[in-house]
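J.: Numbering (my numbering), first residue to last: 8 to 473.
By construction, the Cβ of each residue, glycine as well, lies at the ideal position given by its N, Cα and C atoms.
This is the structure I have questions about; it appears just below.
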Amino acid sequence: MALRFYNTLTQQVELFQPLEGNTVRMYTCGPTVYNFAHIGNLRTFTFEDILRRWLIYRGYQMKHVMNITDVDDKIIRNAAAENKSLAEYTAKYTQAFLEDMAALRLQKPELMVKATEHIPEMVDAIEKLAECGFTYQSDGSIYYRIAKFPEYGKLSHNDFSGIRAGARVDMDEYDKANARDFVLWKAPKDGEVFWESEIGPGRPGWHIECSAMAMKYLGETLDIHAGGVDLIFPHHENEIAQSEAITSKPFARFWLHSEFLNVESQKMAKSAGNFYTLRDLQAEGYQPEVVRYLLASVPYRKKLNFTFDGLKAAARAIGRLRDFKLRLDTDKYPDGVNEKILERTRAALRQFEESLDDDLNTAEALAALFEFVRDANTAMDAGEFRAENTAPALDLLERFDRIFAVLEPTKVESGLSDARVDELVQERNAAKKTRNFARSDQIRQDLLDSGIILEDTKEGTRWKRK
Ligand SMILES: [Zn+2]
Numbered sequence: 008m009a010l011r012f013y014n015t016l017t018q019q020v021e022l023f024q025p026l027e028g029n030t031v032r033m034y035t036c037g038p039t040v041y042n043f044a045h046i047g048n049l050r051t052f053t054f055e056d057i058l059r060r061w062l063i064y065r066g067y068q069m070k071h072v073m074n075i076t077d078v079d080d081k082i083i084r085n086a087a088a089e090n091k092s093l094a095e096y097t098a099k100y101t102q103a104f105l106e107d108m109a110a111l112r113l114q115k116p117e118l119m120v121k122a123t124e125h126i127p128e129m130v131d132a133i134e135k136l137a138e139c140g141f142t143y144q145s146d147g148s149i150y151y152r153i154a155k156f157p158e159y160g161k162l163s164h165n166d167f168s169g170i171r172a173g174a175r176v177d178m179d180e181y182d183k184a185n186a187r188d189f190v191l192w193k194a195p196k197d198g199e200v201f202w203e204s205e206i207g208p209g210r211p212g213w214h215i216e217c218s219a220m221a222m223k224y225l226g227e228t229l230d231i232h233a234g235g236v237d238l239i240f241p242h243h244e245n246e247i248a249q250s251e252a253i254t255s256k257p258f259a260r261f262w263l264h265s266e267f268l269n270v271e272s273q274k275m276a277k278s279a280g281n282f283y284t285l286r287d288l289q290a291e292g293y294q295p296e297v298v299r300y301l302l303a304s305v306p307y308r309k310k311l312n313f314t315f316d317g318l319k320a321a322a323r324a325i326g327r328l329r330d331f332k333l334r335l336d337t338d339k340y341p342d343g344v345n346e347k348i349l350e351r352t353r354a355a356l357r358q359f360e361e362s363l364d365d366d367l368n369t370a371e372a373l374a375a376l377f378e379f380v381r382d383a384n385t386a387m388d389a390g391e392f393r394a395e396n397t398a399p400a401l402d403l404l405e406r407f408d409r410i411f412a413v414l415e416p417t418k419v420e421s422g423l424s425d426a427r428v429d430e431l432v433q434e435r436n437a438a439k440k441t442r443n444f445a446r447s448d449q450i451r452q453d454l455l456d457s458g459i460i461l462e463d464t465k466e467g468t469r470w471k472r473k
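Written as structure tokens, this is what we have:
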């Protein structure tokens with residue numbers, strides 16, 4: 008079976024291929040930089056990273072655009088409260104987001120673009136909407152007339168036929184009970200930041216930025232548009248209404264949305280005391296790749312119950328894989344090949360790939376890998392593993408890590424370099440040879456204090472980071 012995704016627009020699983028050639032044109036809604044991203048946001052970005060990595064694995068070129076929302080209601084409110092300019096206020100959280108991305112090993116999209124650097128494109132899009140009669144003005148603001156777009160509701164599968172024409176909403180975010188004509192361009196309020204433009208002074212609403220930037224960089228019809236389920240309505244519904252009113256073409260062929268995340272079975276909320284950023288979890292001693300593993304391990308269309316037991320299990324799972332890799336890298340096996348294990352390795356790879364082709368079923372892909380690791384460890388213990396079984400097993404791990412990216416431990420800043428650890432291990436071996444056990448024990452303890460664990464085996468001493 009070929010690569011296929013569940014499309015929110017059609018509510019069906021569909022075979023995926025890009026519209027043109029081998030390049031996937033993908034747009035993902037980026038962060039609103041008014042705060043640190045929480046783990047619910049990070050789940051969405053991790054899903055998009057797995058999606059991106061899997062498309063690359065399958066041989067596609069990516070043209071992936073992510074926006075940075077650096078002007079909206081919350082940003083303006085918070086910047087004013089801190090007496091800062093928008094740019095000053097958003098720079099801090101933009102930087103924090105880039106750091107979180109790097110820590111979580113999220114590949115950078117080909118383009119990351121800021122809303123405030125695309126005001127002329129947004130003004131242009133609003134002018135086009137005005138020419139086609141999709142807008143009207145009220146008190147200096149410009150609104151989108153949803154009654155003029157009969158397909159409004161086709162993404163969220165809501166029936167809006169009964170709503171009152173002409174009722175308006177100025178907020179960037181609202182729920183479907185408030186489905187109304189939404190604001191494209193907001194008239195300046197006292198003391199608020201605004202831009203002078205051909206359509207009058209003001210600032211853009213949130214929704215127009217994604218339509219304008221997506222079409223500028225990716226053309227009128229995208230292959231994939233992705234985000235969290237919380238964006239389906241109103242944000243993505245409004246993006247469709249804007250873009251398709253301008254072009255009369257489908258805005259995106261595939262709409263992919265990742266589900267919500269709960270914490271210990273509760274809705275995450277600051278007031279409930281269960282609200283976490285990546286920094287919070289790092290401060291509690293969890294490495295970013297452990298968080299990444301947990302976020303990636305549940306298929307994106309399932310709700311994810313984020314628990315501390317789950318984090319500990321994720322750390323153990325990564326540890327098992329690292330131990331297995333270390334065994335493959337350092338143990339010596341008798342020459343030859345065990346055909347049964349070789350076939351087992353091939354079957355695991357097949358299952359891994361088929362699972363990810365199946366709408367990114369990460370849970371099944373991981374199950375395939377871990378069943379193989381268990382069987383291979385059993386074969387090693389029984390002396391059945393052979394030297395020529397090593398390369399295919401390492402290849403499987405390498406392919407797994409191209410997607411999951413957890414095998415390499417995050418370098419602890421104060422930690423020792425690999426070369427320095429090797430040096431100390433050699434010094435310890437020399438000390439043991441001369442029966443200087445006080446020195447060799449001291450080195451072992453010092454390394455342990457720096458998070459390095461030594462294992463003495465028949466083949467010599469090997470080490471790993473905690
Ligand atoms: Zn967006």
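Given this structure, state the Cα-to-Cα distance separating Thr337 from Thr417, to the nearest angstrom.
T.: Here residue 337 refers to the residue found at position 330 when the sequence shown is read from its first residue. Here residue 417 refers to the residue found at position 410 when the sequence shown is read from its first residue. Going by C-alpha positions, Thr337 is about 21 Å away from Thr417.
J.: Looking only at its chain, what residues have a beta carbon closer than 8 Å to the beta carbon of Asn29, apart from the 5 residues adjacent to it on each side?
T.: On the sequence shown, position 22 is the one that residue 29 refers to. Counting only Cβ-Cβ distances below 8 Å, and skipping sequence neighbours, we find Gly66, Tyr67 and Gln68.
J.: CB Val120 to CB Asp77, shorter than 8 Å?
T.: If you number the sequence shown from 1, residue 120 lands on position 113. If you number the sequence shown from 1, residue 77 lands on position 70. Taking 8 Å as the Cβ cut-off, Val120 and Asp77 do not qualify as a contacting pair.
J.: Distance check for Thr53 and Tyr340, CA to CA, integer angstroms please.
T.: Locating residue 340 in the sequence shown gives position 333, counting from the first residue. Locating residue 53 in the sequence shown gives position 46, counting from the first residue. Cα-Cα distance, rounded: 38 Å.
J.: To the nearest whole angstrom, what separates the beta carbons of Lys70 and Glu117, a pair I think is in contact under 8 Å?
T.: Locating residue 70 in the sequence shown gives position 63, where the first residue counts as 1. Locating residue 117 in the sequence shown gives position 110, where the first residue counts as 1. Confirmed, about 6 Å.
J.: To the nearest angstrom, report how far apart Tyr159 and Thr385 are at their CA atoms.
T.: In the sequence shown, residue 159 corresponds to position 152, counting from 1. In the sequence shown, residue 385 corresponds to position 378, counting from 1. Taking the straight line joining both Cα atoms gives about 57 Å.
J.: What does DSSP give as the partner residue(s) for Tyr143 in the beta ladder?
T.: Residue 143 sits at position 136 when you count from the first residue of the sequence shown. Paired residue(s): Tyr150.
J.: Would you say Asn74 touches ligand 1, meaning its beta carbon is less than 7 Å from a heavy atom?
T.: Residue numbering aside, residue 74 sits at position 67 when the sequence shown is read from its first letter. Yes, Cβ of Asn74 sits closer than 7 Å to a heavy atom of ligand 1.
J.: DSSP three-state label for Leu423, please.
T.: Translated into positions along the sequence shown, residue 423 becomes position 416. Three-state result, Leu423: coil.
J.: From the DSSP output, in three-state form, read off Asn245 for me.
T.: Here residue 245 refers to the residue found at position 238 of the sequence shown. In this structure, Asn245 counts as helix in the three-state DSSP scheme.
J.: How long is the line joining the alpha carbons of Ala445 and Lys473, rounded to whole angstroms?
T.: Walking along the sequence shown from the start, residue 445 turns up at place 438. Walking along the sequence shown from the start, residue 473 turns up at place 466. Their backbone Cα atoms lie some 24 Å apart in a straight line.
J.: With a threshold of 7 Å, establish whether the CB of His125 neighbours any heavy atom of ligand 1.
T.: Along the sequence shown, one-based indexing puts residue 125 at 118. It does not: the Cβ of His125 is nowhere closer than 7 Å to a heavy atom of ligand 1.
J.: Kindly examine ligand 1 and report whether one of its heavy atoms sits closer than 7 Å to the Cβ of His264.
T.: Locating residue 264 in the sequence shown gives position 257, where the first residue counts as 1. Exclusion of His264 from the 7 Å shell around ligand 1 follows from its C-beta lying no nearer than that to any non-hydrogen atom of the ligand.
J.: Quick one: what does DSSP say His214 is sitting in, helix, strand or coil?
T.: Numbered from 1 along the sequence shown, position 207 holds the residue referred to as residue 214. If DSSP states are grouped into helix, strand and coil, His214 belongs with the helices.
J.: Considering only heavy atoms of ligand 1 and the C-beta of each residue, which residues fall inside 5 Å, strictly closer?
T.: Answer in sequence order: Cys36 and Cys217.
J.: In whole angstroms, what separates the C-alpha of Gly140 from that of Ile153?
T.: For this step, residue 140 is matched to residue 133 along the sequence shown. For this step, residue 153 is matched to residue 146 along the sequence shown. One C-alpha to the other measures close to 11 Å.
J.: How long is the line joining the alpha carbons of Ala400 and Thr352, rounded to whole angstroms?
T.: Residue mapping note: residue 400 aligns to position 393 of the sequence shown, counting from 1. Residue mapping note: residue 352 aligns to position 345 of the sequence shown, counting from 1. Taking the straight line from one Cα to the other gives about 6 Å.
J.: Run through DSSP, which three-state label would Ser265 get?
T.: On the sequence shown, position 258 is the one that residue 265 refers to. Three-state DSSP puts Ser265 in a strand.
J.: Return the chain-ordered list of same chain residues with a C-beta closer than 6 Å to the C-beta of Tyr96, the five sequence neighbours on each side being excluded.
T.: Your numbering for residue 96 matches position 89 in the sequence shown. So the list reads Ala86, once near-sequence residues are dropped.
J.: Considering Cα atoms alone, identify which of Trp202, Phe240, Glu180 and Arg260 is closest to Trp213.
T.: For the purposes of this step, residue 213 is taken as the residue at position 206 of the sequence shown. Nearest C-alpha to Trp213 among Trp202, Phe240, Glu180 and Arg260: Glu180.
J.: Can you grab the Cα-Cα spacing for the pair Phe377 / Ala321, in whole Å?
T.: Start at 1 with the first residue of the sequence shown, and residue 377 comes out as number 370. Start at 1 with the first residue of the sequence shown, and residue 321 comes out as number 314. Going by the C-alpha atoms only, they are around 13 Å apart.
J.: So Tyr333 and Leu318 are supposed to be a Cβ contact under 8 Å. How far apart are they, rounded?
T.: As a first step, residue 333 must be located in the sequence shown, where it is residue number 326. As a first step, residue 318 must be located in the sequence shown, where it is residue number 311. Before going further, note that residue 333 is Leu rather than Tyr in the sequence given. With a Cβ gap of about 22 Å, Leu333 and Leu318 do not count as contacting.
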